[in-house]
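Number of protein chains: 2
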Amino acid sequence: MPSMEKRDTRMEIIRIGTDLISRQGFNATGIDQILKEAGVPKGSFYHYFKSKEDFGMAVLDVFAGKYSAMLDSYLLDEELPPLSRLRRYLERGIEAMEKTAFSKGCLAGNLGQEMADQHEGFRQRLEEIFASWQQKFGACIAEAQASGELHPGQSPEVIAEFLLSGWEGAILRAKVTKSPKPLHDFVEILFSHVLK
Amino acid sequence: MPSMEKRDTRMEIIRIGTDLISRQGFNATGIDQILKEAGVPKGSFYHYFKSKEDFGMAVLDVFAGKYSAMLDSYLLDEELPPLSRLRRYLERGIEAMEKTAFSKGCLAGNLGQEMADQHEGFRQRLEEIFASWQQKFGACIAEAQASGELHPGQSPEVIAEFLLSGWEGAILRAKVTKSPKPLHDFVEILFSHVLK
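This is the structure:
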């Protein structure tokens with residue numbers, strides 16, 4: 074099944090590209106480096122992608138799809154009350170970052186920082202991805218307010234924006250300090266002052 | 074005074090380099106592009122800097138010095154109570170970012186995202202810079218607690234870490250959305266829930 078094989082090679086290039094872009098950024102990641110690590114012959118890149126930008130957008134699409142499903146698995150988990158779902162997502166996120174020694178950060182945060190002013194297509198796709206996360210956080214916060222777990226005085230959408238900004242910033246700070254402290258401080262203040 | 078002239082050319086290269094790095098990142102900023110915009114002959118770069126890394130560190134040092142003085146001008150302003158100083162700094166920051174259409178973000182945040190895993194010297198210098206900002210925020214928050222403007226229940230250092238993460242994250246989100254909304258939402262929740 075050649076079409077199957079083509080798809081697998083494409084996904085392998087995307088998987089390795091995602092890892093390299095997460096660690097070193099889009100501009101610093103060369104097509105040659107990706108193909109070498111994927112064990113794919115040079116020159117076959119354009120068999121799978123029209124351009125490096127097309128490849129970058131494919132990396133973002135695969136990442137967004139996986140991250141969305143992962144977020145739903147936490148935030149729609151009806152076994153837990155809404156605020157506990159949020160806390161569990163954040164705490165598992167800290168554990169995941171500790172496993173990679175805070176070297177990757179958030180792919181969307183990294184690319185947003187690097188590419189928002191260099192490539193309008195990337196910027197728009199990243200804006201959509203962040204908006205979808207914010208919407209998921211907001212729905213969970215609205216559920217907490219509706220159930221009486223959280224005081225209903227503040228707009229869920231504004232709290233969700235605040236949560237997303239704070240979390241992205243704490244991930245950046247953890248990358249720079251190589252320590253979980255900014256992440257723990259963020260979660261502590263978030264639950265003791267904002268989500269209470 | 075040739076030594077004076079040399080210093081001015083070096084500062085002009087740093088000034089233009091800072092602007093380019095702020096907009097497009099360190100990896101994507103070529104030495105040729107900087108020299109062309111500075112009107113300095115190609116080849117004279119190594120007269121002023123040992124390497125591109127040496128130049129990047131000089132950019133960071135100049136930025137850190139200026140930013141530190143600017144932060145002090147707000148946070149040590151005894152004409153205002155401590156929390157009003159913090160709010161004024163954040164609100165002026167939003168105005169400054171609106172003027173550049175959210176295209177630059179924070180140089181330290183951008184470089185942290187891009188370089189923390191690529192260059193240990195940059196990472197260490199950025200960690201020092203962030204720590205110095207956190208210290209300044211923490212001192213202002215401690216002053217607010219001591220004067221009774223802020224409830225003393227929470228460590229100023231932890232609140233300062235939270236403030237720095239949230240602000241950096243909101244700047245990133247403003248860059249991606251090309252809107253001041255993440256910045257306004259951050260300031261609103263910060264003062265209504267955390268600094269109260």
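In the order they appear, the protein sequences are chains Y and W. The first sequence begins at 74 in my numbering and counts up one residue at a time. The second sequence begins at 74 in my numbering and counts up one residue at a time. Glycine is no exception: its CB is placed at the ideal position from the N, C-alpha and C atoms. The structure presented is a predicted model; accordingly, all values stated were derived computationally and were not measured.
Listed along the chain, the chain Y residues whose CB falls inside 7 Å of the CB of W/Thr82 amount to none; the nearest CB is some 27 Å away.
Around the beta carbon of Y/Asp190, 16 or more other beta carbons sit within 10 angstroms, so the residue counts as buried. About 6 Å separates the CB atoms of Y/Phe136 and Y/Thr91; that is less than 8 Å, so the two are in contact. By the criterion of at least three beta-carbon pairs nearer than 8 Å, the region 212-225 of chain Y is not in contact with the region 175-189 of chain Y.
Taking the C-beta atoms as reference points, Y/Glu187 is found no nearer than 8 Å to Y/Gln207.
Around the beta carbon of W/Gln197, fewer than 16 other beta carbons sit within 10 angstroms, so the residue counts as exposed. For Y/Ile104, the nearest beta carbon of chain W is not closer than 8 Å to its own beta carbon.
Here Y/Lys254 is exposed, its C-beta having fewer than 16 other C-beta atoms within 10 Å. In the structure shown, W/Thr82 adopts helical secondary structure according to DSSP, grouped into three states.
No Cβ of chain W is located within less than 8 Å of the beta carbon of Y/Asp134. Exposed is the label assigned to Y/Pro114, since fewer than 16 other Cβ atoms lie within 10 Å of its Cβ. Taking 8 Å as the CB threshold, Y/Leu199 lines the interface with chain W. At a cut-off of 8 Å between C-beta atoms, W/Leu108 does not count as an interface residue with respect to chain Y.
Check the Cα spacing between W/Phe118 and each of W/Ile86, W/Gln97 and W/Ala131: the tightest is with W/Ile86. Residue-level contact check: W/Trp240 touches chain Y, since one or more beta carbons of chain Y fall below 8 Å from its beta carbon. Residue burial is scored here from C-beta neighbours: Y/His224 has fewer than 16 other C-beta atoms within 10 angstroms and is therefore classed as exposed.
In the three-state reduction of the DSSP assignment, W/Phe235 falls in the helix class.
When rounded, the separation of the alpha-carbon atoms in W/Gln227 and Y/Val260 is 14 Å. In the DSSP assignment, W/Leu199 falls within the unbroken alpha helix (DSSP H) covering Glu193 to Ala219. Look at W/Gly185 here: in three-state DSSP terms it is helix.
Residues of chain Y with a Cβ closer than 9 Å to the Cβ of W/Leu245 are, in chain order, Gly182, Gly185, Gln186, Ala189, Ser238, Glu241, Gly242 and Leu245. Around the C-beta of W/Lys248, 16 or more other C-beta atoms lie within 10 Å, and the residue is accordingly described as buried. Listed along chain Y is no residue with a C-beta nearer than 9 Å to that of W/Gly166; the closest approach is about 14 Å. Using a CB distance below 7 Å, the part of the region 147-176 of chain Y facing chain W consists of Ser176, ordered along the chain.
Taking a contact as a CB-CB distance under 8 Å, the pair Y/Leu245 and Y/Gly182 counts as one, their CB atoms being some 7 Å apart. Nearest in C-alpha terms to Y/Lys109, of all of Y/Gly138, Y/Leu93, Y/Phe99 and Y/Asn100, is Y/Leu93. Here DSSP, grouped into helix, strand and coil, assigns W/Val135 to helix. Y/Leu156 places its beta carbon 8 Å or farther from that of Y/Lys209. Scanning its chain for C-beta atoms nearer than 6 Å, with the 5 sequence neighbours on each side dropped, one finds around Y/Ser95 the residues Lys177 and Leu180, in chain order. When CB distances to chain W are screened at a threshold of 7 Å, the residues of the region 199-232 of chain Y falling below it are Leu199, Glu200, Phe203, Val231 and Ile232, in chain order.
For the pair Y/Gly242 and W/Gly239, the CB atoms are nearer than the 8 Å cut-off. By the Cβ neighbour-count rule, W/Leu153 is exposed, with fewer than 16 other Cβ atoms within 10 Å of its own. Close partners of W/Ile87 in chain Y (Cβ separation under 7 Å) are lacking, with about 20 Å as the shortest Cβ gap. For Y/Glu126, there are no C-beta contacts with chain W under 9 Å, since the nearest C-beta of that chain is about 14 Å from it.
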